[in-house]
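Trainee: One gets this note's numbering by counting positions in the sequence shown from 1 and adding 963 to each. C-beta: ideal position from N, C-alpha, C; glycine also.
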Amino acid sequence: MELNNVKGAVGADAGVDVDVLICGAGPTGLVLAMDLARRGVPALLVEKSDRLFPGSRGKGLQPRTQEVLHDFGILETVRAAGSEYPRMLSWEGPDGRTRGREWDMMERSEPTEQTPYANGLLIGQSHFQALLHDRLRALGGEVVFDAELTGLDQAADTVTARFADGREVRARYLVAADGGRSTVRRLLGVAMNGESVDPKPMLVADVVVAPDAFVDEDNWHVWAGASGGAVVLCPLPGAPRLFQLVAQYEDVDAVPDATPEGVRKLVATRTPVAADEITEVVWASEFRPRAALAERFRVGRVFLAGDAAHVHSPAGAQGLNTSVQDVYNLGWKLGQVLRHGAPAALLDTYEQERQPVAADVLGISTRLHRQALLGGDSQRGNVVKQLGIGYRGGPLSSGAAGALEAGDRAPDGILPEGRLFDLFGGPHFTLLAIATEAPPLANEQVRVHTLNAYETYGRGLFLVRPDGYIGWAGETDRGLSDYLARCGAGGAGR
Ligand SMILES: Cc1cc2nc3c(=O)[nH]c(=O)nc-3n(C[C@H](O)[C@H](O)[C@H](O)COP(=O)(O)OP(=O)(O)OC[C@H]3O[C@@H](n4cnc5c(N)ncnc54)[C@H](O)[C@@H]3O)c2cc1C
């Protein structure tokens, strides 16, 4: 789609070209575009590059993100393309060829009825993004490439974005999903408050390693004591002999050489893999880990999401996951305001709910980085799985019943009436009436299910938001109607 064909193609309305303009087709922008597409909200996703990002950067999908993918109906596809996390294997000795200890990067847990996805899933970011892109197209959306946003103006009801080639798009809302160096954030003048996590540079690359080279594809190989700095090679699913290389530099002033020759030389110097056994360097980049949080996640009609709102150390595999969940929080709220007339105040709850979550996650990834990023005793605890994240006490959490409080993640369950995650799946709200009578709801946005009993929830009424958190809970339906009205989901019919 061309930008100048936007009108009509994405649902033009009086005064605007599109309801939501999304800037940046990384995982954040792609997931938001998918969510808005399934809600029937006209949206346009623009990307300055001529293609999706080609590297494996964020390669770990945490259990909570897998639950989000279940809701979108693409988890099985993503799981089929990914793999379990391989065991870490330490190589020691002066030549790095002595087999050392093995351990799991993430604490392994058994799946339960309530938490069916208990462990991280390994898949390169570029591979994951390609699957999101496929899904977006299947939903009728697409990415407009070669479209670099360079300017914006806000008016009372619209935001106008300008592009490098002079084109303009007018939208009701703009979502900045344009990454850690966000142009939109800079244009808004929103400060990033944070710190360097580590002054030492790092290099990350995707490399293809010859079949008979030292490393197998069953382990995540670690040379923690390599001279010059630790190195790891992690096998990536989806292509034979493809590995993600991450290298630290002990010297603060080192200048990583991200050319194919530089990458080959680094591997040959620090591991038993020879330079000519790196048959291809698919992509390479250097970075210095930072942890920073945007002062605001919203300015007028513009929202910041994903890396545009928070940047992390890669330790703990939190950045991409937190980004996906930002827009999972924002997407349904935009849908309710734009499609169902919810009060615009609903959109204020995006920053109120997500900024504290991002602040906590920054603390976790910084702590893990400083403990030991590449090697040492670096097993991650369960906190990185993001299943404990919730919005208790938040602006959109009201009441408690049985064993749960509003703001809690709504657990899964396999019941005679159906699997809960399947009942929740889709853009609607779900009201569970457990061991109690359901109130009469004259409202097609809320699906009501009466369950005989489920101990995990206990007895009561539980309203599950479209993003899988309990929004409202009570022993009677007092307050439910008001809550639904705040969300643009009508009255409770009484
Ligand atoms: C080495 C490394 C390992 C990592 N490992 C993990 C991990 O295991 N798990 C995890 O959760 N996270 C991980 N991360 C972090 C993860 O990669 C990021 O959090 C994630 O990419 C953020 O997604 P995003 O869509 O917000 O931004 P990005 O992926 O940066 O996408 C932003 C997009 O916006 C486009 N863009 C920028 N400016 C403009 C403009 N002006 N106009 C139009 N388009 C624009 C860019 O071209 C880009 O495509 C890792 C990062 C690194 C560096």
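Among all the DSSP beta bridges, which residues are the ones paired with D1116?
Mentor: For this step, residue 1116 is matched to residue 153 along the sequence shown. As DSSP reads the structure, D1116 sits in a beta bridge with T1123.
Trainee: Taking buried to mean at least 16 other C-beta atoms within 10 Å of its own C-beta, is A1254 buried or exposed?
Mentor: The residue labelled residue 1254 in the question sits at position 291 within the sequence shown. It is buried - the Cβ of A1254 has at least 16 other Cβ atoms within 10 Å.
Trainee: Straight-line CA distance for P1026 to Q1349?
Mentor: Mapped onto the sequence shown, residue 1026 falls at position 63. Mapped onto the sequence shown, residue 1349 falls at position 386. For P1026 and Q1349, the distance between alpha carbons rounds to 7 Å.
Trainee: Just checking my contact of V1265 with Q1117 at CB under 8 Å: how many whole Å lie between their CB atoms?
Mentor: In the sequence shown, the residue the question calls residue 1265 occupies position 302. In the sequence shown, the residue the question calls residue 1117 occupies position 154. A Cβ-Cβ separation of about 7 Å places V1265 in contact with Q1117 under the 8 Å criterion.
Trainee: Find the nearest neighbour of E1418 within the set L1386, V1411, P1374, judged by alpha-carbon distance.
Mentor: Numbered from its first residue, the sequence shown carries residue 1418 at position 455. For the residues L1386, V1411, P1374, the minimum Cα distance to E1418 belongs to P1374.
Trainee: Considering only the alpha carbon of each residue, which of V1167, L1196, T1439, R1382 lies closest to G1018?
Mentor: In the sequence shown, the residue the question calls residue 1018 occupies position 55. Comparing Cα positions, the closest option is V1167.
Trainee: With a cut-off of 8 Å on the beta carbons, I'd call E1131 and A1124 a contact; round off their distance for me.
Mentor: Working through the sequence shown from its first residue, we reach residue 1131 at position 168. Working through the sequence shown from its first residue, we reach residue 1124 at position 161. Right, the Cβ-Cβ distance comes to about 7 Å (below 8 Å), so this counts as a contact.
Trainee: Would A1364 and G1421 be called neighbours here (beta carbons separated by less than 9 Å)?
Mentor: Within the sequence shown, residue 1364 is the residue found at index 401, counting from 1. Within the sequence shown, residue 1421 is the residue found at index 458, counting from 1. Contact flag set, yes.
Trainee: Under the rule that 16 or more other beta-carbon atoms within 10 Å means buried, what is A1134, buried or exposed?
Mentor: Sequence index remark: in the sequence shown, residue 1134 carries index 171 (1-based). Classification of A1134: buried, given that the 10 Å Cβ count is 16 or more.
Trainee: Please return the same chain residues whose Cβ sits closer than 6 Å to the Cβ of M1051, not counting the five positions on each side in sequence.
Mentor: Here residue 1051 refers to the residue found at position 88 when the sequence shown is read from its first residue. Same-chain partners within the cutoff: W1066, M1068, W1183, V1185.
Trainee: Hey, would you say the C-beta of A1043 is under 8 Å away from at least one heavy atom of ligand 1?
Mentor: Within the sequence shown, residue 1043 is the residue found at index 80, counting from 1. Every heavy atom of ligand 1 is 8 Å or more from the Cβ of A1043, so no.
Trainee: Using CA coordinates, which residue listed in E1039, A1081, L1024, S1053 is at the minimum distance from N1345?
Mentor: Counting from 1 along the sequence shown, the entry for residue 1345 is found at position 382. Ranking the options by Cα distance to N1345, first place goes to A1081.
Trainee: May I ask you to report which of helix, strand or coil DSSP gives Q1288?
Mentor: Here residue 1288 corresponds to residue number 325 of the sequence shown, with the count starting at 1. Looking at Q1288 - three-state DSSP - the assignment turns out to be helix.
Trainee: Going along the chain, which residues of its own chain have a beta-carbon closer than 6 Å to the beta-carbon of F1177, five neighbours each way excluded?
Mentor: Translated into the one-based positions of the sequence shown, residue 1177 becomes position 214. Around F1177: P1235, V1236.
Trainee: Where does the unbroken beta strand (DSSP E) through Y1136 begin, and where does it stop?
Mentor: As a working note, residue 1136 is residue 173 in the sequence shown. That run of the beta strand (DSSP E) goes 1131 to 1139.
Trainee: Give me the DSSP bridge partner(s) of Y1432.
Mentor: On the sequence shown, position 469 is the one that residue 1432 refers to. For Y1432, the beta-bridge partners assigned by DSSP are R1372.
Trainee: Enumerate, from N- to C-terminal direction, the unbroken beta strand (DSSP E) stretches of 3 or more residues contained entirely within the stretch 1214 to 1302.
Mentor: If only uninterrupted beta strand (DSSP E) runs of at least 3 residues are considered, those enclosed by the stretch 1214 to 1302 are 1241 to 1250, 1253 to 1257, 1265 to 1267.
Trainee: Please determine if the stretch 1237 to 1248 and the stretch 1098 to 1118 are in contact, where contact requires at least 3 C-beta pairs separated by less than 8 Å.
Mentor: no
Trainee: So, with DSSP's three-state summary, where would you put L1166?
Mentor: Residue 1166 sits at position 203 when you count from the first residue of the sequence shown. Looking at L1166 - three-state DSSP - the assignment turns out to be strand.
Trainee: Hey, could you find the ends of the beta strand (DSSP E) A1176 is sitting in?
Mentor: Locating residue 1176 in the sequence shown gives position 213, counting from the first residue. It is not in any beta strand (DSSP E) - A1176 carries neither H nor E in the DSSP assignment.
Trainee: Excluding the five sequence neighbours on either side, which residues of its own chain have a C-beta within less than 6 Å of the C-beta of T991, listed in chain order?
Mentor: By one-based count along the sequence shown, residue 991 stands at place 28. So the qualifying residues of the chain are A1140, A1268, G1269, S1286, V1290.
Trainee: Is the beta carbon of I1037 closer than 9 Å to that of L1095?
Mentor: Translated into positions along the sequence shown, residue 1095 becomes position 132. Translated into positions along the sequence shown, residue 1037 becomes position 74. In contact: L1095 and I1037 (Cβ atoms closer than 9 Å).
Trainee: Under the criterion of a Cβ to heavy atom distance below 8 Å, does L1015 qualify as lining ligand 1?
Mentor: The residue you call residue 1015 lines up with position 52 of the sequence shown. The answer is yes for L1015.
Trainee: Quick check on A1044: does DSSP put it in helix, strand or coil?
Mentor: Reading the sequence shown from its first residue, position 81 is the one you call residue 1044. Note: A1044 maps to helix in three-state DSSP.
Trainee: Would you say R935 and F1392 are within 9 Å of each other, going by their C-beta atoms?
Mentor: With the chain covering only 964 through 1457, there is no way to say anything about residue 935.
Trainee: Out of curiosity, what's the CA-to-CA distance linking M1165 and E1213?
Mentor: Locating residue 1165 in the sequence shown gives position 202, counting from the first residue. Locating residue 1213 in the sequence shown gives position 250, counting from the first residue. Near 9 Å, if we compare the C-alpha coordinates of E1213 and M1165.
Trainee: Have a look at the DSSP bridge pairing and note the partners of S1361.
Mentor: Your numbering for residue 1361 matches position 398 in the sequence shown. For S1361, which the question treats as bridged, DSSP gives the partners W1435.
Trainee: Please state whether DSSP places G1063 in a helix, a strand or coil.
Mentor: Within the sequence shown, the letter at position 100 stands for residue 1063. In the structure shown, G1063 adopts extended strand secondary structure according to DSSP, grouped into three states.
Trainee: Can you round the beta-carbon distance between G989 and G1142 to whole angstroms, since I take them to be within the 8 Å contact cut?
Mentor: Here residue 989 is taken as the residue at index 26 of the sequence shown, counted from 1. Here residue 1142 is taken as the residue at index 179 of the sequence shown, counted from 1. Yes, G989 and G1142 are in contact; Cβ-Cβ is about 6 Å, under 8 Å.
Trainee: Closer than 8 Å to a non-hydrogen atom of ligand 1 - does that hold for the CB of F1250?
Mentor: On the sequence shown, residue 1250 is found 287 positions in, with the first residue counted as 1. Under cutoff, so the answer is yes.
Trainee: Going by other Cβ atoms of all chains shown within 10 Å of its Cβ, with 16 needed for buried, is N1156 buried or exposed?
Mentor: For this step, residue 1156 is matched to residue 193 along the sequence shown. Exposed, by the Cβ-count rule.
Trainee: Measuring from the CB of C1450, is there a heavy atom of ligand 1 at a distance below 8 Å?
Mentor: Mapped onto the sequence shown, residue 1450 falls at position 487. Every heavy atom of ligand 1 is 8 Å or more from the Cβ of C1450, so no.
Trainee: At a cut-off of 8 Å, would you count V1167 as near ligand 1, judging by its Cβ distance to the nearest heavy atom?
Mentor: Residue numbering aside, residue 1167 sits at position 204 when the sequence shown is read from its first letter. Because some heavy atom of ligand 1 lies under 8 Å away, the Cβ of V1167 counts as near it: yes.
Trainee: Is any heavy atom of ligand 1 found at a distance shorter than 8 Å from the C-beta of N1345?
Mentor: Stepping through the sequence shown from its first residue, residue 1345 is reached at position 382. N1345 has its Cβ no nearer than 8 Å to any heavy atom of ligand 1.
Trainee: Hey, how far is the Cα of L1378 from the Cα of G1388?
Mentor: Within the sequence shown, residue 1378 is the residue found at index 415, counting from 1. Within the sequence shown, residue 1388 is the residue found at index 425, counting from 1. L1378 and G1388: Cα-Cα distance of roughly 15 Å.
Trainee: Considering only C-alpha positions, which residue in the set D998, V1347, F1206, L1008 is nearest to V981?
Mentor: Indexing the sequence shown from 1 puts residue 981 at position 18. Cα-wise, what sits closest to V981 is L1008.
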